[in-house]
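Engineer:
Residue numbers (this note's numbering): 53 to 195.
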């Protein structure tokens, strides 16, 4: 079950719309992950290993403890979806790569998780560009 993404009483209509969108996105992500026998965390980690990644790098990117990544990776590894390899630059560290089975499952997940594509298909191309610009602005990122 997804955790609500916002306060009980949003203070503006923009906040309400943003929270509604994020909640719907989270629910759709959870349904797609479950459909492929994964947790949300497993789907998220699997998707971020498109290129070899360090476990610490992944933990930092996701804002979680390295031990959480270790547990998630162990479950993905048990399903032969990812592999750990010694980092050639630091033998104490591990690099993660997806296996062929991991690539296949991730591709199937991405095909199933159509929420953003479906939501933006309700907008014209100009509205999509405007939305992208507004979201980057809200995040404090330049266009």
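For every residue, glycine included, the Cβ atom is placed at its ideal position computed from N, Cα and C.
Predicted model only: the values in this text are computed from it and were never measured.
With 16 as the cutoff for other CB atoms within 10 Å, does residue 94 come out buried or exposed?
Structural biologist: Residue 94 should be labelled buried.
Engineer: In this structure, how does DSSP classify residue 106 when only helix, strand and coil are distinguished?
Structural biologist: It is a strand residue.
Engineer: CB-CB under 6 Å to residue 132, same chain, minus the five flanking residues each way: which ones, in chain order?
Structural biologist: Within the same chain, residue 132 has close Cβ partners 151, 153.
Engineer: Where does residue 31 land, buried or exposed, given buried means 16+ other C-beta within 10 angstroms?
Structural biologist: Only positions 53 to 195 of the chain appear in the structure, and residue 31 is not among them; the question remains open.
Engineer: Within 8 Å, do at least three Cβ pairs link the segment 79 to 93 to the segment 157 to 171?
Structural biologist: Segments in contact, yes.
Engineer: Span of the beta strand (DSSP E) holding residue 135?
Structural biologist: Looking at the DSSP string, the run of the beta strand (DSSP E) that includes residue 135 is 134 to 139.
Engineer: Could you tell me the alpha carbon to alpha carbon distance between residue 129 and residue 135, rounded to whole angstroms?
Structural biologist: For residue 129 and residue 135, the distance between alpha carbons rounds to 6 Å.
Engineer: Can you give, in chain order, each stretch of the beta strand (DSSP E) that sits fully within the segment 112 to 162 and has at least 3 residues?
Structural biologist: Complete beta strand (DSSP E) runs here, min 3: 134 to 139, 142 to 150.
Engineer: Taking a contact to mean a Cβ-Cβ separation below 8 Å, would you say residue 172 touches residue 180 in this structure?
Structural biologist: Yes, Cβ-Cβ distance for residue 172 and residue 180 is below 8 Å.
Engineer: Would the beta-carbon of residue 149 fall within 8 Å of that of residue 194?
Structural biologist: Not a contact, by the Cβ cut-off of 8 Å.
Engineer: May I have the straight-line CA-CA distance separating residue 99 from residue 64, to the nearest angstrom?
Structural biologist: Going by the C-alpha atoms only, they are around 33 Å apart.
Engineer: What's the C-alpha gap between residue 166 and residue 108?
Structural biologist: The straight-line gap from Cα to Cα measures roughly 29 Å.
Engineer: To the nearest angstrom, report how far apart residue 170 and residue 77 are at their CA atoms.
Structural biologist: Residue 170 and residue 77: Cα-Cα distance of roughly 11 Å.
Engineer: Measuring alpha carbon to alpha carbon, tell me which of 97, 102, 137 ends up nearest residue 118.
Structural biologist: Closest option to residue 118, Cα to Cα, is 97.
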